[in-house]
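Student:
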Amino acid sequence: MDKVVRSAAEAVADVPDGATLAVGGFGLCGIPSVLIRALLDAGTQDLEVVSNNCGVDDWGLGLLLQEHRLRRVVASYVGENKEFARQYLAGELEVELTPQGTLAERLRAGGSGIAAFYTRTGVGTQVAQGGLPWRYDADGTVAVASPPKPVETFTVRGEAHEYVREEAITADFALVRAAVGDRAGNLVFHASARNFNPLCAAAGRVAVAEVERLVPVGTLDPDAIHLPGIFVDRVVALTPEQVDDKRIERRTLRDGSPS
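For what it's worth, our numbering labels the leading residue of the sequence shown as -2, then goes sequentially.
1. Taking DSSP's pairing of strands, which residues face Leu18 in a bridge?
2. Rounded to whole angstroms, what's the CA-CA distance from Thr150 to Val139? Just pull it up for me.
3. If we count the other Cβ atoms within 10 Å of its Cβ and call it buried at 16 or more, is Pro219 buried or exposed?
4. For Val203, report the span of its beta strand (DSSP E) as first-last.
5. Can you tell me which of the three DSSP states Tyr85 falls into?
6. Identify the continuous beta strand (DSSP E) that holds Pro237 and give its terminal residues.
7. Report the partner residues of Leu94 according to the DSSP bridge assignment.
8. What first and last residue would you give for the alpha helix (DSSP H) that runs through Ala112?
9. What does the alpha-carbon distance come out to for the pair Gly76 and Gly226?
10. For chain D, is any of its Cβ atoms less than 7 Å away from the one on Tyr85?
11. Which residue marks the beginning of the alpha helix (DSSP H) containing Val233, and which one marks its end?
12. So, for Asp(-1): in the same chain, excluding its five sequence neighbours on each side, which residues have a beta-carbon less than 8 Å away from its beta-carbon?
13. What separation, rounded to the nearest whole angstrom, lies between the Cα atoms of Cys26 and Ala199?
14. If you count every other CB in all the chains shown that lies within 10 Å of the CB of Arg154, and 16 or more means buried, which is it?
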């Protein structure tokens, strides 16, 4: 089955207002910047985004954030985006901060059909007990707080510990970026881009992948494929200019000063 579509605009044309998106990438590494830009150009709004982080002020998901297209973000790290912090503290954005490994496992569970799982991460903290500010009022008071989560005791390797139950995450659409892909949607990711992209793709009901290099079906060694095409619905082949258009979150010079 040929899953290649003609453009990023066509690939995201049916993403409706109010949709939930799982967006791959790690920092600015492996983010689907072309698909994000297509969503921006389409005017899609009121989105809930699940992603490790929310880009920076002028790149990646930060572009959607600047235009107030996001209503809710589930993420583990947001420290590189000043506009994100401003909207969150002003009560303009709902934010569910999640431990990074827990976020990855919630996405993996969603893609695997597992409803929930138990982890020791967050036991004894507000992650389990509830009360983390999800949304503020304009006056700085907490309007929406995280609920408490079930905690149970299990014995593992002869030791009893408390574990908090975390629910799986699924999304209406997934947007990911791969280094190499074929026309059937089989994908290969480069280095750290593999951290969240495969998990997001599997968790999305419709997964859209932008690929830096498109190859014919049968070219990829089956053992080298990181994500089978069964998880991918649409493939967008990037131009050389789009492939080269990448950003660095923070650059430090030899003397230690930021550039």
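No residue lacks a Cβ here, since even glycine has one placed at the ideal position from N, Cα and C.
Nothing here was measured: the structure is a model prediction, and the numbers come from that model.
Tutor: If we stick to the structure as given:
1. On the sequence shown, position 21 is the one that residue 18 refers to. Beta-bridge pairing links Leu18 to Val46, Phe170.
2. Taking the sequence shown and counting its residues from 1, one reaches residue 150 at position 153. Taking the sequence shown and counting its residues from 1, one reaches residue 139 at position 142. Straight-line Cα distance between these residues: approximately 31 Å.
3. As a working note, residue 219 is residue 222 in the sequence shown. With fewer than 16 Cβ atoms within 10 Å of its Cβ, Pro219 is classed as exposed.
4. The sequence position of residue 203 within the sequence shown is 206, counting from 1. Segment 201 to 212, the beta strand (DSSP E) holding Val203.
5. If you number the sequence shown from 1, residue 85 lands on position 88. Helix.
6. Reading the sequence shown from its first residue, position 240 is the one you call residue 237. Careful: Pro237 lies outside any beta strand (DSSP E), inside the alpha helix (DSSP H) at 237 to 241.
7. Along the sequence shown, one-based indexing puts residue 94 at 97. According to DSSP, which records beta bridges pairwise, Leu94 is partnered with Ala72.
8. As a position in the sequence shown, residue 112 is number 115, starting the count at 1. Secondary structure note for Ala112: it is in no alpha helix (DSSP H), with a DSSP letter that is neither H nor E.
9. On the sequence shown, position 79 is the one that residue 76 refers to. On the sequence shown, position 229 is the one that residue 226 refers to. Approximately 34 Å between the Cα atoms of the pair.
10. No chain D appears in the structure shown, which is made up of a single protein chain.
11. Within the sequence shown, the letter at position 236 stands for residue 233. That residue, Val233, is in no alpha helix (DSSP H); its beta strand (DSSP E) goes 231 to 234.
12. Along the sequence shown, read from residue 1 onward, the residue named residue -1 stands at position 2. Result list for Asp(-1): Arg180, Ala181, in chain order.
13. Locating residue 26 in the sequence shown gives position 29, where the first residue counts as 1. Locating residue 199 in the sequence shown gives position 202, where the first residue counts as 1. Each residue's Cα considered, the two are about 19 Å apart.
14. By 1-based counting over the sequence shown, the position of residue 154 is 157. Counting Cβ neighbours within 10 Å, Arg154 comes out exposed, since fewer than 16 surround it.
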